[in-house]
Each structure stands twice: as C-alpha cells, then as structure tokens.
Amino acid sequence: MAKEPLNILSNLRTLVGVLVFSMGLPVMADMDVTASRQPASATGLDLTVEQRPITVITPARSSTLRVTAWVDRNDSTYQFGEEVYLYVSTNEDAYITVLDVGTSGKIHLIFPNQYQPNNLTSAGQAVMVPASNSPAVFRASGPAGNELIKVIATKQPLDLIDSRVLVSAGPYKQVTKSTAQVAKDLEVVLRQPGVEWNDFDKLIKITSNEVLVPPSTGTIIGITPPSPPPALAPSGTFAPPAVQTVAPTPGRFEIKLRAEKEAYRVGEKVRVQITPSKDCYLTVLDMGTSGNVFILFPNRYQPDNRVLANTTVVVPGENAPVDYQSTAPGGIETLVGICTTENRSIYKGKYDFKSHVFQPWGKQELVSKDLTLVLREPSSELAHTSTTFLVVP
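Residue 164 is where the sequence shown starts when you use the working numbering, and the numbers rise one by one after that.
Below is the structure:
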C-alpha cells in the first residue's frame, strides 16, 4: 500500500515541480525517507555543539510506540523566507511534543501551540504543523545551517516542558533553558516508571537567501509553496532548519488554497476554498491520481472567474447541482491555483461547459508544458499556489 501512493506522489510533485521550477520559484517535492532510526548526527548533516545534547536521550527498546516525521521537501532544504511544513504520525494513539532547536541552540515549542492546543493524536493519522487552516506560519530564517526538530511521542499525557520556562513567541513558545538543561529535564520525566515513549529527529538545511528572478516577460510575486502531502509517513530520522514564525508581508499578492479535509475516501464529496489577496482572475486545476487534469474553476455553474480581494470562493458553489468527488485510484491529489490581475485565460483551449461541468485539460505531462508557456507570457501580476489531499480507496 505504501509504495504505490509514494510513486503517485512523486509523479504529481514532479509535475508541479516542472511548472514552478520553470518559473524560477520554490517547489515542494515528496517526502524525505530514511531507512532506519539513527541519531541526527548520523544523517551526514552536522549539528552544532548546542544542538547535540537533546539528541542523546533514547527510549527503551521494549516500547512498541513508533513515531515518524517528514517535511514537504525531498531534500529538506529551504532558503531564507520560505515556508516549512511538518507532518508527524504515530503507530498508536499518543501525545506529541515537537521542539525546534536552532543552530544557536535556542529552543521553541512548536507543538502543541496556540492554534493546536490538543496534542493527542490518533494512530496512523498525520498531524500537520502548522495546520492547514491555521494563521500560524513557519518560515526558514538565518543563520544558515542545520535546524533540528525533536519529536517526542508518549503514551501518557505529560508536561515535558515546565510552563515556568516558557515565554510567548507568537503562537509558539520559546524555552528559556539551554539544550543541555532541557535534555536533562526530559530524561527525568521520560524515565519515570510506567512511561512509554519514543522520539524522532529530523534535520532541515537552511541556505542563504538568493533572489528569485522572475521571467523577463512578467512579474511573479507572492508565491505560496504548496502544502505537503497529508497522510503518508516515511521512516527515519528527523531534524529541521531555522524555522521561525513571521507575519505575512504587507501588500504581498498571494492566494490561499485548501480543501476542507486533508483526506477523502474515493467517491466522497470534495470542497475547495480559494482566497486571493487582490482582485484577480482565478483558475483552479485538479491534477488527479488518474493522471488527468480538470479545470475546477471557472466551471459550468461558476463561469465568471473574476474574484474580489479577500473574498473566499468555494468550489463547487453553494447552489451548484453537482458535486466534485474524489475518484480512484487512491493516492495524492494536487490542486493548483493561478490568479492574474489582468483578464487573460490560463487555458488556451475552448471551454465547453455544455458538455462538461469541469473542463478537461488533458494529461499532466501535456498540461505542465502548456502551463510553462502560458505563465511566461507578459502579465501584470500573477500569484500561484498549490496544495494536496489524500485519496483513500
């Protein structure tokens, strides 16, 4: 079961990657997979002296609890300012705590957080940090180097970090103790009789910021990286880059795009919400697990694709007599949103809403080439984003 969705995911992410890379923009690939659990120092990425103490605590081998984590980039590498998404999954119901340890040794408690206060997770369910509907954001920031994220899962509800050493850092908390002190405190709590736990370390590499040069025939701004895959878990070690929370850049042109759920069963009704930050002409594509691409918006019942700033469009519309349903095979389905401030069609074919509620475009390979050409055409302002959801057979 796991291998097929991963292959589907790779194909879909490659398609989105071709599109975005050709535009000189960041893209998220599929998940980083490591064969076995190792200390973070064994992954080939060096930790600082300040980071190392928190990697040495190890759970009892008798524990049946397993936890894994992954990010939205295959190489776990981000430039300054890029958004980072983390997923955590366990094989049993468990309580999750996630610590972000920067290159300087500063520690932030990023889960649970202000918008995700409940850290009890269900077996086999992936938790996204930050959540898809959360106003919180992680962005990679300096200094360049390797960031460590420590994920701890326990069978019992435990206060792993004393609230007296936590100070507010937006929706998250900064830990005022050193990594050595925190490691010692964790040992005390986790070594209590009857406590069953496991952990996972992940490294994310942060590189110095490079200016992304837009195509010479237009301005591409406000690109929001696609959300990572929702529920497929790899195995291995885990540690992230310098991930910090920042407010959105004022005046930035961006699109927020999401499905109402992170996973759907085949045949289940899907609803998509899109909100642009400026008045624009919107096109939403569905890159299905079958390899076919359909235009979800505009459609037969929503033919006018002009959208006002900060107005949320729901697809299908509230009064539409048809549903948009997830279809076989199972795997990762990708949604792509493109919005331009001038009225021009992203799709160069002829819409046939008499025959189709949602206009078919073609196979993903063809669409990727078409989009590469279309998005290089002269334009005033253009924003692009994508997200994914899981289709379960």
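Using N, Cα and C, we set each Cβ at its ideal position, and we do this for glycine too.
Sequence-distant residues of its chain with Cβ nearer than 8 Å to PRO411 (five each side left out): At PRO411, the pLDDT of 37 sits below 50, so the modelled position is not reliable and the matter cannot be decided from this model.
Neighbourhood of LYS419 by C-beta distance below 6 Å, restricted to the same chain and skipping five residues each side: THR438
Sequence ranges, beta strand (DSSP E) only - wholly within the segment 488 to 530, length at least 3: 494 to 503 and 522 to 526
LYS313 beta carbon less than 8 Å from that of ASP364: yes
Where the beta strand (DSSP E) containing VAL478 begins and where it ends: 476 to 478
Exposed unless 16 or more other CB atoms sit within 10 angstroms - verdict on GLN279: buried
Pick from PRO306, LYS269, VAL264 and ALA426 that is closest to GLN242, judged by C-alpha positions: PRO306
Between the CA atoms of VAL261 and ARG215 - distance to the nearest angstrom: 16 Å
Identity of the residue in PHE516, THR497, LYS424 and LEU448 nearest ASN296 by Cα: LYS424
Residue environment, GLY235, which counts as buried when at least 16 other CB atoms sit within 10 Å: According to the sequence as given, residue 235 is Asp; it is not Gly. So ASP235 ends up on the buried side.
Exposure of THR221, with buried meaning 16 or more beta-carbon neighbours within 10 Å: exposed
Where LYS432 falls: helix, strand or coil (DSSP): strand
Member of ASP467, GLN522, THR231 and PRO492 whose CA lies at the smallest distance from the CA of LEU366: THR231
Among TYR444, SER285, PRO356 and LEU228, the one whose alpha carbon lies nearest that of VAL470: TYR444
Where PRO439 falls: helix, strand or coil (DSSP): strand
Which residues DSSP lists as bridging PHE416, in chain order: Answer is none; PHE416 lacks a bridge partner.
Nearest neighbour of GLU496, chosen from PHE457, ASP515 and GLN522 [CA to CA]: PHE457
Cα-Cα separation, GLN337 to GLN288: 27 Å
The segment 541 to 555 / the segment 477 to 486 touching (three or more Cβ pairs under 8 Å): no
Same chain, Cβ closer than 6 Å to VAL537, five either side skipped, listed in chain order: ILE509
Between the CA atoms of PRO466 and THR503 - distance to the nearest angstrom: 16 Å
Span separating the alpha-carbon of THR382 from that of GLU528: For THR382, the predicted model reports a pLDDT of 28, less than 50, meaning its position is unreliable; a value from the coordinates is still stated below. Looking at the two C-alpha atoms, the distance is approximately 25 Å.
Contact set for SER285: own chain, Cβ-Cβ below 6 Å, skip 5 residues either direction: ASP256
Supposed close pair ILE369, GLU310 - CB separation, criterion 8 Å: 6 Å
PHE516 beta carbon less than 8 Å from that of ARG463: yes
Cα-Cα separation between ALA396 and PRO484, rounded to whole angstroms: Bear in mind that the predicted position of ALA396 carries a pLDDT of just 34, short of 50, making it too unreliable to give a figure here.
Short Cβ contact (8 Å threshold) for ALA316 with LEU228: yes
Supposed contact pair ALA422 and PHE552 - C-beta distance, whole angstroms, cut 8 Å: 5 Å
3-residue-minimum beta strand (DSSP E) runs that sit fully inside the segment 229 to 290, ordered along the chain: 230 to 234, 240 to 242, 249 to 253, 257 to 264 and 270 to 274
Straight-line gap, VAL290 to ASN361 (C-alpha atoms, nearest Å): 16 Å
Euclidean distance between Cα positions of ASN455 and ASN468: 22 Å
Nearest to ALA223 (by Cα), restricted to the options PRO356, VAL345, SER326 and MET450: PRO356
Per-residue burial, GLN488 [other beta carbons within 10 Å of its own, 16 or more giving buried]: exposed
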